[in-house]
Amino acid sequence: MGKKKIITKTETSGATESNAPAAPKKSSKKQVINGIAHINVSYNNTSIAISDQKGDIIAWSSAGGLGFKGTKKSTPYAANMVAKDCVEKAKKFNLTNIKIIAKGIGPGRESAIRGIAGTGLNVLSIQDNTPVAHNGVRSKKPRRV
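Numbered according to full-length UniProt numbering, the sequence shown spans residues 1 to 145.
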């Protein structure tokens, strides 16, 4: 167990940190009024990233990041929760207007768009950037049984 040591503190005279006047806190976050929501929907997951007009990401969220596992990630409910979570993060930057760019096909596509529109943000436009193959890759050879 050992000996117990008693430490006595002595007060020092002079200016200490507690006596100094507190400087006003400066907000390090930038203010973003207009944003772009990039919705990436697949058959397995839904992810949303909100950026400013230059393309710098200010908030992002995905179904897997919210705790949905396996096939629950691809549900419309998970996509709606992702949209609401991402918008709540972006509202810390005073986001009011948003453009929506959706990419991919999946069960959560419509639900994610409705989730963003239902949060009170002013939706300026909705754009579809789903890649479409004009000829695609060569098809598999027919199966011989």
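Even glycine gets a Cβ: it sits at the ideal position worked out from N, Cα and C.
Computed from a prediction, not measured in an experiment: that's the story for all the values here.
Asked, Found
"Nearest candidate by alpha-carbon position, reference N94, set S51, I105, R143", "S51"
"G67: first and last residue of the uninterrupted alpha helix (DSSP H) it sits in", "Where G67 is concerned, there is no enclosing alpha helix (DSSP H), given that its DSSP letter is neither H nor E."
"N80, DSSP secondary structure in three states", "helix"
"Collapsed DSSP secondary structure at G35 in the structure displayed", "strand"
"Pairwise C-alpha distance: I100 and R109", "12 angstroms"
"Those residues which DSSP pairs with residue 146 across a bridge", "Because the chain spans 1 through 145 in this model, residue 146 falls outside it and cannot be assessed."
"Beta-carbon separation (whole angstroms), I98 vs L121, contact threshold 8 angstroms", "5 angstroms"
"Spatial distance of S139 from S111 (CA atoms)", "32 angstroms"
"Expected contact under 8 angstroms - CB spacing of V87 and T119 to nearest Å", "4 angstroms"
"Rounded straight-line distance, which links the Cα of D56 to that of V32", "11 angstroms"
"Identity of the residue in T8, Q53, N34, A63 nearest V41 by Cα", "A63"
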